[in-house]
Amino acid sequence: MSEVIQSHGERPRIDVDIVCVGFGPATAGFLTTLSRHLVGSDGTPKFKSRVCSGMPLQVVCYERADDLCFGVSGVVTRARALRESFPELEKAGIPTLAPVTLEKVVYLLDPIGASSRPFTLRFVDRLIRLFGWCLPYREYGFELPWIPPFLRKHGGIVFSLGQFLQWVGSQIMSTGAIQIWPSTPVSAVITEGKAVRGVRLVDQGVTKKGEPTEAYTPGMDVWAELVVVGDGPFGSVSAQLDREFGVPENYHNTEWAIGMKFVVELPQDTPLKPGTVIHTLGFPEPGIFGFMYVYPERVASLGIFVPSWFRSPVRTAYRYLQHWILHPYLWRYLKGSRLRSWGAKSINESGKHAEPFLAGDGYARIGENSGTTNVLTGSGVDEAWASGVILAEAVVDLLEQGKPFTRENLEKAYVLRRRQSWLEKEALIAKNARAGFQKGFIWGLIGMALSGFTRGKLSLKPSFDKGTGVDPLTKYYAGKLSPKEIEQIKEECAARGVPLHDAIMDRVGWPSIPFDGQLLVSHQDVLLLGGKVQAAPGYADHVMVMDPALCKACEEKTCIEACSGQALMPGPDGVPVFDRDKCVHCGACTWNCTKLLSQKPVQSNIRFTAGVGGLHSAEN
Ligand SMILES: Cc1cc2nc3c(=O)[nH]c(=O)nc-3n(C[C@H](O)[C@H](O)[C@H](O)COP(=O)(O)OP(=O)(O)OC[C@H]3O[C@@H](n4cnc5c(N)ncnc54)[C@H](O)[C@@H]3O)c2cc1C
Ligand code: SF4
Ligand code: SF4
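With this note's numbering, the residue at position 245 of the sequence shown is 1654, and numbering never jumps.
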């Protein structure tokens, strides 16, 4: 049995043919394709269950979030795989969907003077200011006159992933052949030796530490011929597989980013047309990228990514997002807007480098945790979906041939197909596209251009040893804050029991945020506004510190500084305190913890397991 599973008593058990973990685009692509092959042209089931005699094939999917729309991703996508599945997607009636009409990539200068810009960038900024009169430069934003083809989304669409998944979920369930269960986290896979035999759902009626109470109900065991793991960028089931079965020799998952976003209602007189896509770079810090996608009806999805290569130990996405919104180039559009919902989620930016073993006896992996995200084109939805489609085609082949879901059969039917697909070809082109960012922002851009323009033939050499590294405060803010000032700030914040980031940013020149209660609200208030779902009682905490001694000795406590929901706060003995009700399940803590228990795969001192609660807004 698996390392994670501890039995407390009798468990209910069911047997199915196929069980899926998570309902993101990857599993949605898998189930959509599979569902179209389950019923014959005469309306009768095409495949008999191998585990329930006399029944049709039993397929079930468990999603952790409380509805089928934990997307947290406003999406721009070329939608090649999506359109292959749904040629009439534009007519599906998804309210946020619009064709891409205008694309801009904008380099944002720093109008405040608070960001940490290297000398070369400050020089570039000066040149742009000097020659701004003859350049596409306005409101401290330099619009790139030309967008490299690998970044363009021309012919693509924008939409809310949450709304899209709700629509897809209803299509799949309407076939009657597949069940999808939201609010049902999978705690682990059931393993026997090197084979996966099913999944175990989380226990209920337990304390926060997982100890049984009087109301204890053991999570059900779901035995299955095939377990499809599509649990996203920081999925705990994927992490379990990597721990138990190991990872390929060249596997590295050291690149990631935390995406934080708002969905806003734009002012009545907005000049922005549906389908407008704006990507930014350069501000609030050079390595922080931003995006704005405009949906129909004056709704926009906008946000930033705080990446792993950003060396600040106080990397708070929320405060940076507000400064980004207030940048003059964007503020002229956003002033007078109203916040509708908010979200945060990690993105695994290692791409092909973080491809695990894609299949084994009784299981197959799809989506972001199988290395699908394309880090050159900044695209993950279509790729995750495509991986699900490829697996479904393979599964149908094996069902038709009456073959079992062994490693050998899945390798031939699924992995081989994937190797021959456009997904693989493009993943190889993008493989080292982000390599330069480890050396700095300018090197990062050079690296992306090199990979993009040579179609991956040339690239910078990646370095994998910096994963969750940050600089000490004294180094990162050298020249801006003296060690004495830093100590003073630390003492003040410790006395108030708050993270450091606001005090540090205030002191190095970031202006305070002019809260308006409408778009610019405090970090506490955004939890109340943005679709936050309270965690139901009776479940174990899903964020756990593995070794408290490491926390006591940890200087930077980046987990607290980076926590998207302020769910991790300073504790009296140096160990962060976790408040489940504030957690938005973004995974930032596990990536941002600087103390690693293992490097390959990166596993930090925070273990993230699937739990209840989090965010729920279909618009996300
Ligand atoms: C802010 C942001 C903006 C983005 N913008 C774009 C964009 O413009 N274009 C683009 O193409 N891509 C974009 N992406 C990336 C894209 O969203 C992902 O690549 C894509 O969603 C990956 O799909 P997936 O199915 O692999 O995983 P996910 O979408 O993460 O889905 C996994 C699902 O599994 C569930 N789950 C996890 N563990 C368990 C468990 N143990 N039990 C049950 N359920 C579980 C999760 O709740 C989740 O619903 C963006 C990402 C972010 C964070
Ligand atoms: S969880 Fe990691 S980053 Fe947070 S205090 Fe502990 S060791 Fe430090
Ligand atoms: S504790 Fe929750 S909200 Fe905070 S970083 Fe971790 S997953 Fe995100």
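We put the CB at the ideal spot given by N, CA and C, even for glycine. Here the structure is a predicted model, which is why all the values come from computation and not from measurement.
Indicate, with yes or no, if ligand 3 has a heavy atom lying under 8 Å from the CB of H1563.
no
Quick one: what's got a C-beta closer than 8 Å to P1557's C-beta in the same chain, skipping five residues either side?
A1858, G1861 and F1862
For ligand 2, any of its heavy atoms closer than 8 Å to the Cβ of V1954?
yes
State the Cα-Cα distance for the pair P1594 and V1428, rounded to the nearest angstrom.
13 Å
Quickly, what does DSSP pair D1630 with across the bridge? List them, please.
R1422 and R1609
Nearest to E1706 by CA position, among K1682, G1691, F1698 and P1716, is which residue?
K1682
Residue span of the beta strand (DSSP E) that contains W1590, given as start and end
I1587 to W1590
For I1427, name the three-state secondary structure that DSSP assigns.
strand
Over the uninterrupted beta strand (DSSP E) stretch that includes I1898, give me the two end residues.
Per DSSP, I1898 belongs to no beta strand (DSSP E); it is in the alpha helix (DSSP H), P1892 to R1905.
Coarse secondary structure for W1751, derived from DSSP in three states
strand
Using beta-carbon positions only, say whether V1954 and N2014 come within less than 9 Å of one another.
yes
By Cβ distance, which residues of its chain are closer than 8 Å to A1793, with the 5 residues on each side in sequence left out?
G1433, P1434, A1435, G1438, G1639, I1775, G1776, E1777, T1781 and T1782
Between S1645 and ligand 1, is the CB less than 8 Å from at least one heavy atom?
yes
For Q2012, tell me which candidate among T2018, W2000 and A2019 has the shortest Cα-Cα distance.
W2000
Would you say V1993 touches ligand 3, meaning its beta carbon is less than 8 Å from a heavy atom?
yes
When you compare each of D1911, G1771, K1848 and L2005 to Y1729 by their alpha carbons, which one comes out closest?
D1911
Could you check what DSSP says for L1635 in three-state terms: helix, strand or coil?
strand
Alpha carbon to alpha carbon, what distance is there between L1477 and P1627?
24 Å
Can you list, in chain order, the residues of its chain whose CB lies under 8 Å from that of K1761, leaving out five sequence neighbours each side?
G1780, A1836, L1837, A1839 and K1840
Quick test of the definition: if touching needs 3 or more C-beta pairs under 8 Å, does the stretch 1517-1524 touch the stretch 1534-1546?
yes
Pop quiz: P1722 and Y1885 are said to be a contact at Cβ under 8 Å. What is the actual Cβ separation, rounded to whole angstroms?
6 Å
Nearest CA to the CA of L1960: which residue from V1605, P1621, R1422 and P1985?
One detail in the question is off: residue 1960 reads as Cys in this sequence, not Leu. For the residues V1605, P1621, R1422 and P1985, the minimum Cα distance to C1960 belongs to P1985.
Would you be able to state if there are at least three C-beta pairs under 8 Å between the stretch 1502-1518 and the stretch 1572-1580?
yes
Looking at the unbroken alpha helix (DSSP H) that takes in H1932, where does it start and where does it end?
H1932 to L1938
Out of E1833, L1808, P1923 and T2018, which one is the CA nearest neighbour of H1446?
L1808
The beta strand (DSSP E) that contains Y1516, what's its start and end?
L1511 to L1517
Can F2017 be considered in contact with ligand 3, in the sense that its beta carbon sits closer than 8 Å to one or more heavy atoms?
yes
Measuring only the C-alpha atoms, how far is D1424 from C1461?
7 Å
Should R1652 be counted as a contact of ligand 1 given a C-beta to heavy atom distance under 8 Å?
no
Do V1952 and F1987 count as a contact pair if the criterion is CB distance below 9 Å?
yes
Assuming T1486 contacts G1565 (C-beta within less than 8 Å), just tell me the rounded distance between them.
5 Å
Find the nearest neighbour of G1752 within the set E1894, V1942, N1662 and S1647, judged by alpha-carbon distance.
V1942
Is the beta carbon of S1583 within less than 8 Å of some heavy atom of ligand 1?
no
For a test of your reading of the model: does the CB of A1474 fall under 8 Å from any non-hydrogen atom of ligand 3? Yes or no.
no
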